[in-house]
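Participant:
Numbering (the UniProt record's numbering), first residue to last: 1 to 330.
1) Between which residues of its own chain and residue 122 is the CB-CB distance below 6 Å, once the five residues before and five after are set aside?
2) May I have the straight-line CA-CA distance separating residue 100 from residue 108, to the nearest angstrom?
3) Please return the same chain residues whose Cβ sits closer than 6 Å to the Cβ of residue 177, not counting the five positions on each side in sequence.
4) Answer yes or no: do residue 10 and residue 199 have a C-beta to C-beta separation smaller than 8 Å?
5) Between residue 83 and the rest of its own chain, which residues show a CB-CB distance below 8 Å, the 5 nearest in sequence each way excluded?
6) What is the rounded straight-line gap between the Cα of residue 31 and the Cα of residue 284?
7) Using C-beta distances below 8 Å, list every residue in its chain close to residue 280, excluding the 5 sequence neighbours before and after it, in chain order.
8) Let me make sure I understand the geometry here. Which of 147, 143 and 110 has the alpha-carbon closest to that of residue 128?
9) Along the chain, which unbroken stretches of the alpha helix (DSSP H) at least 4 residues long are found entirely within the segment 94 to 140?
10) To the nearest angstrom, how far is the alpha carbon of residue 236 from that of residue 60?
11) Which same chain residues end up closer than 7 Å to residue 163 when comparing Cβ atoms and leaving out the 5 residues on each side of it in sequence?
12) Do residue 300 and residue 289 count as a contact pair if the criterion is CB distance below 8 Å?
13) If you draw a straight line from the C-alpha of residue 19 to the C-alpha of residue 214, how long is it?
14) How is the alpha helix (DSSP H) around residue 291 delimited, first residue to last?
15) To the nearest angstrom, how far is the alpha carbon of residue 313 from that of residue 321?
16) Taking all protein chains shown into account, decide if residue 6 is buried (16 or more other Cβ within 10 angstroms of its Cβ) or exposed.
17) Determine the extent of the beta strand (DSSP E) in which residue 78 is found, giving its start and end residues.
18) Contact defined as beta carbons within less than 8 Å: I believe residue 222 pairs with residue 257. What is the distance between those atoms, to the nearest angstrom?
19) Using the Cβ count rule (16 or more neighbours within 10 Å means buried), how would you classify residue 161?
20) Which residue comes first and which comes last in the beta strand (DSSP E) that contains residue 64?
21) Measuring CB to CB, does residue 104 end up less than 8 Å from residue 145?
22) Please classify residue 232: does DSSP put it in a helix, a strand, or coil?
23) Give me, in chain order, the residues of the same chain whose beta-carbon lies closer than 6 Å to that of residue 63; leave out the 5 immediate sequence neighbours on both sides.
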């Protein structure tokens with residue numbers, strides 16, 4: 001079982017924090033020792049090749065934790081509250097609230113830095129390299145994204161961006177039952193796979209496009225098409241008009257867009273519209289009808305239907321949550 005012994009990297013982290021853990025690779029709840037601070041670190045292993053760590057802690061004073069990873073792995077991390085730092089090979093990386101990071105980790109020395117008297121809420125998902133490669137395979141058995149190919153000669157690579165609104169919904173679904181001890185392994189696995197899918201698509205899609213049969217010029221035109229659809233979200237061009245705008249025939253545009261982004265032109269537009277709607281509703285400044293119009297849906301009933309289909313909640317209900325100040329940390 002050496003190829004999935006990535007759990008050991010997490011064990012080193014737990015031991016460095018002097019957590020009283022009982023297992024090497026099992027679900028358990030660990031309380032921060034009173035001398036260090038307050039709070040819980042919950043570990044979930046919904047299946048043998050997934051390690052999920054939910055940290056809700058506050059340290060009494062600044063905490064510095066050195067660690068040397070011993071097994072290659074891939075980790076997706078969400079920082080919901082608190083600001084921490086990670087130093088690898090002398091390079092400092094910062095993780096603030098609302099950030100999402102994808103880390104490809106080989107054997108490397110790292111140092112984690114946490115500030116004292118600052119509440120932290122973080123969710124990390126780790127998988128071994130063979131599982132990452134399995135997820136990256138296409139239906140034909142080929143693989144366009146490779147762990148070593150992304151790392152090159154480096155022992156570590158980090159991608160970071162603002163957390164996608166859709167991922168925040170998934171995190172909310174994940175955290176609430178975890179805190180109430182009401183989530184089984186199947187539900188946990190489904191939520192985690194959804195997060196991994198969103199993260200891989202966001203960070204690695206364009207890297208994967210580099211190995212397609214599309215020329216650099218074609219890929220640039222397709223990216224231009226994507227930008228046009230986002231900019232003209234309320235009144236988007238037809239596929240024929242879009243193809244004329246970028247100077248590419250409509251068939252090649254359809255095929256190339258699906259190859260680069262994993263969905264159709266209008267499927268991509270639909271997702272981006274709903275993501276913007278989610279952000280607008282969370283801000284609480286517009287009602288459902290206004291939000292519907294703001295993203296290009298003239299029929300608010302249809303908008304509510306597709307929104308509920310994507311996020312599992314009615315837009316009106318989400319608006320009430322925003323008005324009540326309900327957040328992930330509550």
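We treat Cβ as the ideally placed atom computed from N, Cα and C, and that holds for glycine. No experiment lies behind these values; they were computed from the predicted model shown.
Facilitator: Looking at the coordinates:
1) 55 and 79
2) 21 Å
3) 183
4) no
5) 94, 95, 96, 97, 115 and 118
6) 36 Å
7) 286, 291, 294 and 295
8) 147
9) 129 to 136
10) 53 Å
11) 78, 98, 99 and 100
12) yes
13) 51 Å
14) 288 to 294
15) 11 Å
16) buried
17) 73 to 81
18) 6 Å
19) exposed
20) 63 to 68
21) no
22) coil
23) 114
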